[in-house]
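Here the sequence shown stands for residues 87 to 647, numbered as in my numbering. We put the CB at the ideal spot given by N, CA and C, even for glycine. Below is one structure; the comments refer to it alone.
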Amino acid sequence: MQGTSAAGVIRHASHGVGERQAVSGTHSRAQAWLAQTASLAPVFPLRCCVRRPRRQQTKRHGTPRPDGWRVLPAAATIGLSRKAEPNMAELKEARVPDIGGYDGVPVIEVLVAVGDTVQVDQGLVTLESDKATMEVPAPFAGVVRELKVKLGDEIAEGSVVALIEPSADAAAGPAAAAAEPAEPSRVEPARAEPARAEPVAASQETRAVETATQVEPTAVGTPDRLAQRETAAATSPSSPPVVFDASELLPGKVPYASPAVRLFARELGVDLMQVAGSQRGGRIGKEDVQKFVKDAMQGGGAVAAAGSGNGLSLLPWPKVDFSKFGPTETRALSRIQKISGANLARNWAMIPHVTQFEDADITGLEALRVQLNRENEKLIAKGKATKLTMLAFLMKAAANALQKFPDFNASLDADGETLVLKQYFHIGFAADTPNGLVVPVVRDCDRKGVMEIAMETGELAAKAREGKLGPAQMSGGCFSISSLGGIGGTKFTPIVNAPEVAILGVSRAAMQPVWNGEKFKPRLILPLSLSYDHRVIDGAAAARFAVYLAQALADMRRLLL
């Protein structure tokens with residue numbers, strides 16, 4: 087039986103004189119006939135690619151009926167019914183993905199508006215929990231038709247953020263990946279008579295009338311999201327390249343702003359460290375960046391833009407033309423000087439330094455060192471033994487002092503609220519090289535003897551002078567020693583090597599008269615300068631540490647107790 091639609095029933099005009107009188111009766115019969123044939127109507131081929139069951143072929147002029155009505159094929163009428171249907175793509179939901187089990191996370195920023203075109207993984211809204219800030223990305227490209235959230239709303243995983251109309255490219259992706267048309271055995275028309283069922287063999291003309299466009303097969307299975315994302319990333323405009331600077335990772339150089347605001351600032355060339363945030367908790371918004379640019383263009387932000395106080399509100403570095411005062415020459419800093427200079431500036435600015443001075447009587451220790459070197463003079467000359475230096479004794483004594491005062495063998499966490507106490511004792515020493523200052527580290531000084539420490543420091547110092555030290559040989563230190571004894575000086579303030587909390591400075595030993603209760607006696611005095619982080623170590627603890635270290639150097643037998 088030919089399948090028809092309600093629109094396919096058209097009254098056939100009769101030439102009989104009693105036509106008007108038969109209208110009411112014919113109308114009743116037509117309604118009954120429509121009810122009987124409604125279940126046989128085929129599913130119209132819409133743009134959403136619904137599969138069509140088989141229908142029989144029929145002549146374009148329809149089949150006459152005895153009641154004066156003519157039944158036309160669906161091909162002749164479906165175009166009329168499609169004109170009344172809205173030509174809109176299906177809207178899809180953009181939901182909050184897995185955010186780690188958080189509930190009631192507030193929306194602090196809405197990044198899009200209704201009508202905006204978004205790309206795959208483009209941020210829709212920004213959420214802020216008590217530990218992190220995150221963006222909800224668009225799962226597919228398209229046009230935002232409706233926003234389901236607003237600023238201040240609290241949402242959780244699975245909440246609908248927006249309704250998005252997929253773009254043509256996004257809609258074509260699933261269609262292109264669709265399965266082949268279903269086999270004839272799988273498609274069964276409703277109430278079709280098997281004896282009269284035939285394959286669809288409509289002509290190109292009939293197909294064009296039915297659909298007015300090419301019919302795509304229904305997509306089977308889940309589209310390849312990875313392929314769609316890579317395609318969108320390749321075609322979407324990329325953000326400008328960002329130059330990486332390690333100094334920007336310092337605690338004081340991380341501005342409080344969302345990723346979208348950071349991208350916006352980069353596109354405008356704005357340093358967010360110079361922008362004051364007006365949102366909750368000092369957060370920087372797009373309006374703050376725009377205001378900063380506006381003030382800078384009007385001259386109000388000239389001083390802020392020119393300043394480079396590294397977040398400390400300092401005056402900019404003075405720019406002086408020294409050639410006005412006499413001949414000059416320029417020389418680039420070495421790589422080591424650049425790296426160490428940045429670290430020293432950070433440590434001095436961020437660590438509250440205090441220096442404790444102490445004198446150690448090393449008269450007996452120096453005599454022992456000279457005697458041991460004299461005894462091994464021949465072996466030292468042949469390279470079979472190592473010449474003892476005062477540094478080896480200092481490192482051994484320092485390792486013992488760190489065991490007695492564990493707060494000195496610690497590091498303050500980046501949040502400034504946790505102290506990490508270390509169970510190992512690795513001590514670094516400053517080595518002066520032609521390219522600058524480096525700090526090699528001797529590991530497990532508590533388990534090594536003075537001779538072994540002296541041998542290892544000699545090898546590391548040689549590598550440092552040759553520029554062959556690896557990163558592993560300059561990391562992991564717990565405490566540092568900077569010895570200027572071979573050069574001179576009396577006392578100085580060494581800068582703490584973060585994340586350590588203390589450093590020992592050693593100057594040149596000198597003979598001084600010391601009163602022993604009866605008379606003055608000449609003693610070899612070694613000046614010690616102990617700098618420490620006052621956030622971790624108080625003055626009394628530092629004085630005790632310095633006194634204990636001086637006593638250990640005065641009599642190394644104390645280390646055996």
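Which partner residues does residue 559 have in the DSSP bridge list?
-> Looking up residue 559 in the sequence shown gives position 473. Its beta-bridge partners do not exist; DSSP assigns none.
My understanding is that residue 372 touches residue 347, with C-beta atoms under 8 Å, so please give their C-beta distance in whole angstroms.
-> Translated into the one-based positions of the sequence shown, residue 372 becomes position 286. Translated into the one-based positions of the sequence shown, residue 347 becomes position 261. About 6 Å separates the two Cβ atoms, so the contact holds.
Under a three-way DSSP split, which group does residue 490 fall into?
-> Within the sequence shown, the letter at position 404 stands for residue 490. In the structure shown, residue 490 sits in a helix (DSSP, three-state: H, G or I).
Please look up how many angstroms separate the CB atoms of residue 201 and residue 230, rounded, as I've assumed it's under 8 Å.
-> Within the sequence shown, residue 201 is the residue found at index 115, counting from 1. Within the sequence shown, residue 230 is the residue found at index 144, counting from 1. About 7 Å; that satisfies the 8 Å criterion.
Applying the criterion that 16 or more other CB atoms from any shown protein chain within 10 Å of the CB defines a buried residue, is residue 456 buried or exposed?
-> Within the sequence shown, numbered from 1, the residue matching residue 456 stands at position 370. Exposed is the call here.
Tell me, which residues are paired with residue 568 by DSSP?
-> As a working mapping, residue 568 is identified with position 482 in the sequence shown. Bridge partners of residue 568: 591.
Apart from the five residues just before and just after residue 584, which ones in its own chain have a Cβ nearer than 6 Å to its Cβ?
-> Taking the first residue of the sequence shown as 1, we reach residue 584 at position 498. These residues qualify, in order along the chain: 433.
Compare the Cα-Cα distances from residue 596 to each of 227, 551 and 575 and report the closest residue.
-> In the sequence shown, the residue the question calls residue 596 occupies position 510. Out of 227, 551 and 575, 575 has the C-alpha closest to the C-alpha of residue 596.
Exposure label - residue 602; buried when at least 16 CB within 10 Å | Locating residue 602 in the sequence shown gives position 516, counting from the first residue. Answer is exposed; the Cβ neighbour count stays below 16.
CB-CB length for residue 220 against residue 213, believed under 8 Å = Counted from its first residue, the sequence shown places residue 220 at position 134. Counted from its first residue, the sequence shown places residue 213 at position 127. Yes, they are in contact, since the Cβ atoms of residue 220 and residue 213 sit about 5 Å apart, within 8 Å.
If residue 484 and residue 349 are in contact, beta carbons under 8 Å, what's the gap, nearest whole angstrom?
-> Here residue 484 corresponds to residue number 398 of the sequence shown, with the count starting at 1. Here residue 349 corresponds to residue number 263 of the sequence shown, with the count starting at 1. In fact, because the Cβ distance is near 49 Å, the residues do not count as touching under 8 Å.
Near residue 552, what residues of its chain come up, given a Cβ to Cβ distance below 8 Å and the 5 sequence neighbours on each side ignored?
-> Within the sequence shown, residue 552 is the residue found at index 466, counting from 1. No residues qualify anywhere along the chain.
Residue closest to residue 642, alpha-carbon to alpha-carbon, out of 235, 578, 541 and 450 = For this step, residue 642 is matched to residue 556 along the sequence shown. With distances taken between Cα atoms, residue 642 lies closest to 450.
Look at the Cβ atom of residue 445, then the Cβ atom of residue 486, and state whether they are nearer than 9 Å.
-> Start at 1 with the first residue of the sequence shown, and residue 445 comes out as number 359. Start at 1 with the first residue of the sequence shown, and residue 486 comes out as number 400. No, these two residues do not count as a Cβ contact at 9 Å.
Go through its chain and collect everything with a Cβ distance to residue 414's Cβ below 6 Å, but skip five positions before and after it.
-> As a first step, residue 414 must be located in the sequence shown, where it is residue number 328. The answer, listed in chain order, is 408.
If you follow the beta strand (DSSP E) that residue 614 is part of, which residue opens it and which one closes it?
-> As a first step, residue 614 must be located in the sequence shown, where it is residue number 528. Looking at the DSSP string, the run of the beta strand (DSSP E) that includes residue 614 is 606-619.
Taking the alpha-carbon positions, what's the residue 502 to residue 623 distance?
-> Here residue 502 is taken as the residue at index 416 of the sequence shown, counted from 1. Here residue 623 is taken as the residue at index 537 of the sequence shown, counted from 1. Taking the straight line joining both Cα atoms gives about 13 Å.
In whole angstroms, what is the alpha-carbon distance linking residue 560 and residue 526?
-> Along the sequence shown, read from residue 1 onward, the residue named residue 560 stands at position 474. Along the sequence shown, read from residue 1 onward, the residue named residue 526 stands at position 440. Their Cα atoms are separated by approximately 5 Å.
Reference residue 566; option with closest CA among 425, 205, 248 and 516 = Mapped onto the sequence shown, residue 566 falls at position 480. Selected option, being the one with the closest Cα: 516.
Please state if the CB of residue 439 and the CB of residue 617 are separated by a distance shorter than 9 Å.
-> Reading the sequence shown from its first residue, position 531 is the one you call residue 617. Reading the sequence shown from its first residue, position 353 is the one you call residue 439. Yes, these two residues count as a Cβ contact at 9 Å.
Considering only residues of the same chain and omitting the five flanking positions on each side of residue 222, which have a CB-CB separation below 6 Å?
-> Residue 222 sits at position 136 when you count from the first residue of the sequence shown. For residue 222, where only same-chain residues beyond five positions count, the Cβ hits under 6 Å are 182, 210, 211 and 247.
Determine the direct distance from the alpha carbon of residue 365 to that of residue 250, and round the result to whole angstroms.
-> Taking the first residue of the sequence shown as 1, we reach residue 250 at position 164. Taking the first residue of the sequence shown as 1, we reach residue 365 at position 279. One C-alpha to the other measures close to 29 Å.
Beta bridge counterpart(s) of residue 512 as assigned by DSSP = For the purposes of this step, residue 512 is taken as the residue at position 426 of the sequence shown. Answer is none; residue 512 lacks a bridge partner.
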